[in-house]
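S.K.: Got a structure here, written out as structure tokens. Questions coming.
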Amino acid sequence: MSRIAARFEQLSDRGRTALIPFVTAGDPSPAVTVPLMHAMVAAGVDLIELGVPFSDPIADGPVIQRATERALAQGVSLDDVLDMVRRFREQDTETPVILMGYLNPIEVMGYETFAVAAKSAGLDGALIVDVPPEEGHALVEMLKAQGLDLVYLLAPTSTESRIARIGEVASGFVYYVSVKGVTGAGNLDTAAVAEKVGLIKSLIRLPVGVGFGINNPETAASVARVADAVIVGSAIVSRIEALAATPERIPEAVAEFLAGLRHAIDEVDAHVA
Amino acid sequence: MSTSPDHLGLAGTGSAGATLASSGAYNWPDAGGHFGTYGGMFVPETLMHPLEELRTAYERYMADPEFLAELDADLQDYVGRPSPLYHAERWSRELGGAQIFLKREDLNHTGAHKVNNTIGQALLARRMGKTRIIAETGAGQHGVASATVAARLGLECVVYMGEVDIARQEANVYRMRLLGARVVSVTSGSRTLKDALNEAMRDWVTNIDDTFYIIGTVAGPHPYPAMVRDFQAVIGREARAQMLARSGRLPDALVACVGGGSNAIGLFYPFIPDEGVAIYGVEAAGDGLQTGRHAAPLCAGRPGVLHGNRTYLMEDNHGQIVETHSISAGLDYPGVGPEHAWLKDSGRAHYDSVTDDEALRAFHHLTRTEGIIPALESSHALAFVHKLAPTMRRDQTIIVNLSGRGDKDMHTVASHDGLVL
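These protein sequence lines map, in sequence, to chains W and R.
Quick note on UniProt numbering: the first sequence kicks off at 1 and runs consecutively.
Quick note on UniProt numbering: the second sequence kicks off at 1 and runs consecutively.
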């Protein structure tokens, strides 16, 4: 069983909804990322999504675009990101870590080289934003051969047949994009999310995480009522941006924000239990 | 082939175009939008359904005689097609080789080939019930062509344009605003065409219910490369019929500039099965390929994935897309249409490049010898003809796509010559 599957099984046994933070690796500087990951774990997150900076992030809103630009200005590469995972694993062998990014840096590294390097760094899976199930078969094979999970996006516009098809190729969990839009969008319609997540759960056996537009304890709690995981990205990254000039304060500030979300989710879980 | 381009845009030219679909020789893309190993649909899940919706509508209307008649009528009466195939006799004589024919896309309404595609996509948008048009633009030509058709059809229009390009193409920005479009300045990344495309994609994914994204070149995810090609193929169909009517035989060579590559594929596509016709695409070598300051992914890049398709790209060693340079804003793009990547690898077309200085010399040369001021983009094709024509016999022929007129480039050329207009 993969580290991701094991983690979701533990959570399910304990009646706990996962909290998954996203941060862009190397933002605002490479030295911040590993301490930040440990601080997030201490604040109660269950899995970490690490963004690989790419020059043309078409699925991302302005907050994560700027994070990407800050990381790229420091020359952060896919190799560097894998190295951060390796260093994180020196102290934490429990918390699953997945990469979230775009295909081209992996193309340049080479599929097999990437898959082998990712596994040896201690990575657990990848969500490659611009690889839908129609594409990237060779890469998928390489990653599966290394025992890495492939996380796929689902959208409000995904039809039942697409959801079922993605259920066949995905592993670990699936990531439901809660709004029509890019990362950091607002206007989360919790009723619509509940309905769609219900449909997804009827078609797919994997845990369902929900992200895009969750930015405070209230939205985190409302999503926790229907999803297996609450995914938060831009709201964290904007706090990192605000402290870019004093990076030593970032881990504590992010941890405090996440602890607030964790508390709100725990209250929902306690109520449901 | 999933579409039926051969029924399209034959107004005024007779139906002499090759029926590629029946030749069996060239059937790209496949059902998933691949041209060999290139093309495809490398997009987030959020865009898969809108792309499927677009593909379905496109296939439906390209088989609808009423839609095709509407398109043909617009190409004839609004764009002014067919565009002439002009024998540049004096220029041919000066170069001392092949006879050179200019396909006069510069005479189209709005001054370039871009409108062939925006008319087609806007009519499709209206049939799909979309009320809002978005577009990306670099030099502004595609933005102007989109704003133009949006004005005519009464559709809301938003054009994304890099902050850098807005500063260097003020006249086109004003033109778009006159036409009622909102021009949005894109300040992310390199603040040029590629970033404008990123921003338009983000708008589309956010507003898919009422919005149609008109991509201006043969790039992007499937079905865009095939759809834009099919709308632009009217260029090649006309040129083929015009050359046959004039000389009774096909040309010996075709030449077109390649940025994203829509004017080039539009000329080339109907000739692909004609193996005796040599095909040359010309990229922007900028300051020279050896300087790294250029926009020539086919000549000096390598395959990768950007903007929804696999194609040749300009990138660094870590897969980040790098900034490009060309004196011609319309060629200043780090990728290229995936069908060109395939035509290159398969050997059916040849790709070369010319520098800013070579393009400028050709610009002046054509202006002085033929009284035609070409766009700087098209001047790259002309500069290549300068090298090619003298190597050919006088009874041989070249068709070069004069994809746009040079009015928009007055400031650029003048400042290069040390003048301020």
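Heads up, the beta-carbon is just placed ideally off N, CA and C, and yes, glycines get one too.
Because the structure is a prediction, the values reported are computed rather than measured.
What span of residues does the alpha helix (DSSP H) with residue 61(R) cover, start to end?
M.R.: Unbroken alpha helix (DSSP H) run through residue 61(R): 45-61.
S.K.: Could you check whether the Cβ of residue 309(R) sits closer than 7 Å to any Cβ belonging to chain W?
M.R.: no
S.K.: Within 7 Å (strictly less), CB to CB, does residue 178(W) reach chain R?
M.R.: Answer no: the Cβ-Cβ gap between residue 178(W) and chain R never drops below 7 Å.
S.K.: If we count the other Cβ atoms within 10 Å of its Cβ and call it buried at 16 or more, is residue 1(W) buried or exposed?
M.R.: exposed
S.K.: Is there a Cβ from chain R that is less than 7 Å from the Cβ of residue 104(W)?
M.R.: yes
S.K.: Could you check the C-alpha separation between residue 95(R) and residue 127(W) for me, to the nearest Å?
M.R.: Within the model, the alpha-carbon separation for residue 95(R) versus residue 127(W) is close to 56 Å.
S.K.: Residues in the same chain with beta-carbon distance under 7 Å from residue 418(R), minus the five sequence neighbours each way, listed in chain order, please.
M.R.: Within the same chain, no Cβ atom closer than 7 Å to the Cβ of residue 418(R) is found once the five residues on either side in sequence are excluded.
S.K.: Since residue 210(W) contacts residue 230(W) with CB under 8 Å, what's their CB separation in whole angstroms?
M.R.: 7 Å
S.K.: Please list, in chain order, all residues of the same chain as residue 298(R) whose beta carbon is under 8 Å from its beta carbon, the five residues on each side excluded.
M.R.: 258, 281, 283, 312, 336, 340, 341, 344, 351
S.K.: Does residue 326(R) come within less than 7 Å of chain W when only Cβ atoms are used?
M.R.: no
S.K.: Report yes or no: is there a C-beta of chain W within less than 7 Å of the C-beta of residue 8(R)?
M.R.: Note on residue 8(R): pLDDT 39, under 50, position unreliable in the model; the coordinate value appears next. It does not; no Cβ of chain W falls within 7 Å.
S.K.: Is residue 182(W) close to chain R, meaning its C-beta is less than 7 Å from at least one C-beta of that chain?
M.R.: yes
S.K.: Please return the same chain residues whose Cβ sits closer than 7 Å to the Cβ of residue 185(W), not counting the five positions on each side in sequence.
M.R.: For residue 185(W), where only same-chain residues beyond five positions count, the Cβ hits under 7 Å are 61, 179, 212, 213.
S.K.: In chain order, what residues of the same chain lie with their CB nearer than 6 Å to the CB of residue 305(R), ignoring the 5 residues before and after it?
M.R.: A distance below 6 Å between beta-carbons, with the five flanking residues on each side excluded, links residue 305(R) to the following residues of its chain, in chain order: 42.
S.K.: Excluding sequence positions up to five away, which residues of its chain have a Cβ less than 7 Å from the Cβ of residue 100(R)?
M.R.: 88, 91, 92, 385, 389, 398, 400
S.K.: At 8 Å on the CB atoms, spell out the chain W contacts of residue 49(R), in chain order.
M.R.: By Cβ distance, chain W contributes 155, 157, 158, 159, 162.
S.K.: For a contact defined as C-beta to C-beta under 8 Å, what are the partners of residue 315(R) on chain W?
M.R.: Residues of chain W with a Cβ closer than 8 Å to the Cβ of residue 315(R) are, in chain order, 104, 108.
S.K.: Just checking: is the beta-carbon of residue 170(W) within a distance shorter than 7 Å of some beta-carbon in chain R?
M.R.: no
S.K.: Let me know if residue 420(R) comes out buried or exposed under the rule of 16 or more other beta-carbons within 10 Å of its beta-carbon.
M.R.: exposed
S.K.: Please determine, among 63(W), 223(W), 238(W), 234(W), the residue with the shortest C-alpha to C-alpha distance to residue 267(W).
M.R.: 223(W)
S.K.: Report yes if the C-beta distance between residue 380(R) and residue 414(R) is below 7 Å; otherwise report no.
M.R.: Not a contact, by the Cβ cut-off of 7 Å.
S.K.: For residue 175(W) and residue 153(W), what's the separation of their Cα atoms in angstroms?
M.R.: CA-to-CA, the gap between residue 175(W) and residue 153(W) works out to about 5 Å.
S.K.: Where residue 423(R) and residue 239(R) are concerned, what is the direct C-alpha to C-alpha distance, given to the nearest angstrom?
M.R.: Nothing can be reported for residue 423(R): it is not among the residues displayed for chain R, which extend from 1 to 421.
S.K.: Where DSSP assigns a beta bridge to residue 139(R), which residues make up the other side?
M.R.: DSSP output for residue 139(R) lists no bridge partner at all.
S.K.: Go ahead and label residue 54(R) buried or exposed: buried means 16 or more other beta carbons lie within 10 angstroms of its beta carbon, across all protein chains shown.
M.R.: buried
S.K.: Could you name the residues of the region 198-215 of chain R whose beta carbon sits closer than 7 Å to any beta carbon of chain W, in the order they occur along the chain?
M.R.: Those would be 198, 201, 202, 205, 206, 208, in chain order.
S.K.: Looking at the structure shown, is residue 185(R) part of a helix, part of a strand, or coil, going by DSSP?
M.R.: strand
S.K.: With the cut-off set at 7 Å, would you say residue 180(R) and residue 219(R) are in Cβ contact?
M.R.: Using a Cβ distance threshold of 7 Å, residue 180(R) and residue 219(R) do not count as a contacting pair.
S.K.: Rounded to whole angstroms, how far is the Cβ of residue 236(W) from the Cβ of residue 257(W), which I believe are closer than 8 Å?
M.R.: 7 Å
S.K.: With 16 as the cutoff for other CB atoms within 10 Å, does residue 208(W) come out buried or exposed?
M.R.: buried
S.K.: Find the residues of chain W that neighbour residue 318(R), judging by a C-beta separation of less than 7 Å, and give them in chain order.
M.R.: 77, 78, 105, 108
S.K.: Below 8 Å between beta carbons is the criterion; list the residues of the region 202-232 of chain W that meet it against any residue of chain R, in chain order.
M.R.: For the region 202-232 of chain W, the beta-carbon criterion of a distance under 8 Å to any beta-carbon of chain R is satisfied by none of its residues.
S.K.: According to DSSP, is residue 222(R) part of a helix, a strand, or is it coil?
M.R.: coil
S.K.: From the DSSP output, in three-state form, read off residue 333(R) for me.
M.R.: Residue state for residue 333(R) is assigned as coil, using DSSP reduced to three classes.
S.K.: Could you please give the first and the last residue of the uninterrupted alpha helix (DSSP H) stretch that includes residue 241(R)?
M.R.: 234-247
S.K.: Just list the beta strand (DSSP E) runs in the region 109-180 of chain R, keeping only unbroken ones of 3 residues or longer that don't cross its boundaries, in chain order.
M.R.: 132-137, 156-162
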